[in-house]
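Heads up, the thing below is written out as structure tokens.
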Amino acid sequence: MSPTTTALRAGLRRGLIELRSTFTNFQDLWNYFFPTLVLLIAVFFMRGATVPGTDFSLGARTLPSALGMGLLFGGLLGLAQQLVVDREDGTLLRAKAIPNGMLGYLVGKLVLVSSVAMIGLVIQLTPGVFFLEGLRLGDPGAWLTLAWVVPLGLVATLPLGAMIGSLIENPRNMGLVVLPVMGLIAVSGIFYPINDLPGWLQGVAQVFPLYWLGLGMRSALLPADLAAVEISESWRHLEMVAVLGAWAVLGLALAPVLLRRMARRESGSRVAARREQAMQRVG
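Okay, structure coming up:
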């Protein structure tokens with residue numbers, strides 16, 4: 001068996017072990033269910049409002065958009081945070097010391113973060129079925145669309161998360177990423193159609209993956225006539241594939257370079273310095 005194959009298998013086992021351990025950790029379980037509870041409460045109270053120009057529930061329209069947002073949070077912020085924390089506590093340095101250890105480490109994190117994102121999607125979608133009407137869950141076409149939108153969304157966002165995690169050393173600096181993401185949420189049509197926004201804001205939103213992930217999930221789960229309230233009155237699947245594919249290519253090209261640079265710079269002295277800073281913050 002080749003060293004690469006051994007590293008891949010070790011990474012897969014590592015990811016599954018870490019995933020299993022999340023179900024015994026209260027904080028992880030809280031991170032699964034609290035955002036879901038907040039989202040479901042929000043869409044429950046929005047269910048009586050309607051999408052402008054239609055009689056379709058705004059709550060039912062919001063849930064698929066929020067599922068797309070959850071994929072971005074899981075793929076981008078989830079992996080970035082994992083890398084930042086593991087750099088600070090020395091996990092990355094220990095992985096670097098093992099032959100092909102970084103490959104196994106990254107495979108494990110990809111398995112963990114992707115699985116957590118999928119679990120979050122299921123947790124959020126399932127309760128909404130019981131009090132939101134109009135979702136196309138009984139349509140095989142909806143599941144076919146989900147079958148390519150979700151993997152494409154993860155491929156577009158996971159490398160970006162790896163890039164961000166390789167550039168940020170201090171977990172406290174994650175706010176520098178979260179704040180712009182919150183701004184994108186406001187202009188990406190997650191909670192309300194963006195047709196009435198200025199054209200330049202619509203253009204900004206369409207540059208980034210978040211808008212297209214929300215649109216892709218809406219195209220899968222909402223009736224076809226709801227496309228009329230979207231930009232160009234279409235689900236624009238070709239444009240969606242092009243933009244998300246472009247982000248995937250960019251991330252896959254740059255992430256390995258930045259990750260190798262990060263791994264080369266890791267040393268015992270840097271880990272010790274970060275631990276000292278962390279102790280000072282706690283103290």
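Going by this note's numbering, the first residue of the sequence shown is number 1, and it counts up by one from there. By construction, the Cβ of each residue, glycine as well, lies at the ideal position given by its N, Cα and C atoms.
S57 sits in a strand when the DSSP states are folded into three classes. The three-state reading of DSSP puts T50 in strand, counting E and B together. Annotated three-state conformation of Y192 is coil, per DSSP. Burial state of A95 is buried, judged by a 10 Å Cβ sphere holding 16 or more other Cβ atoms. For S219, the uninterrupted alpha helix (DSSP H) segment begins and ends at P209 to L221. Using a C-beta cut-off of 8 Å, the segment 164-183 makes no contact with the segment 30-39, since fewer than three inter-stretch Cβ pairs fall below that distance. Per DSSP, reduced to three states, the secondary structure at R265 is helical.
Within the model, the alpha-carbon separation for A242 versus S269 is close to 44 Å. Taking the C-beta atoms as reference points, L67 is found nearer than 9 Å to Q124. For a cut-off of 8 Å, the C-beta gap from G108 to G251 is around 19 Å, too long to register as a contact. Excluding its 5 nearest sequence neighbours in each direction, F131 has C-beta neighbours in its own chain below 8 Å: F44 and R47, listed in chain order. Cβ contact annotation for M118 (same chain, cutoff 8 Å, sequence separation greater than five): V150, in chain order. Counting every other CB atom within 10 Å of its CB across the protein chains shown gives M102 a total of 16 or more, marking it as buried.
DSSP, reduced to helix, strand and coil, places N173 within a helical segment of the structure shown.
With at least 16 other beta carbons inside 10 angstroms of its own, G153 counts as buried. Rounded to the nearest angstrom, the Cβ distance from P159 to A255 is 4 Å, consistent with a contact under 8 Å.
For P198, there is no enclosing alpha helix (DSSP H), since its DSSP letter is neither H nor E. Residue burial annotation: R20 is exposed, with fewer than 16 other C-beta atoms found within 10 angstroms of its C-beta. For P99, the three-state secondary structure derived from DSSP is coil. Around the beta carbon of L63, a 10 Å sphere encloses 16 or more other beta carbons of the protein chains shown; the residue is thus reported as buried. If you draw a straight line from the Cα of F191 to the Cα of L144, it comes to about 24 Å. A check of alpha carbon separations from L210 across V38, L72, I17 and S57 identifies L72 as the nearest. By the CB criterion at 9 Å, V113 and L79 fall inside the cutoff. Per the coordinates, the alpha-carbon of P198 lies some 32 Å from the alpha-carbon of G128.
Between L40 and V122, the alpha-carbon positions lie close to 13 Å from each other. The three-state secondary structure of R236, taken from DSSP, is coil.
Within the same chain, no Cβ atom closer than 7 Å to the Cβ of N25 is found once the five residues on either side in sequence are excluded.
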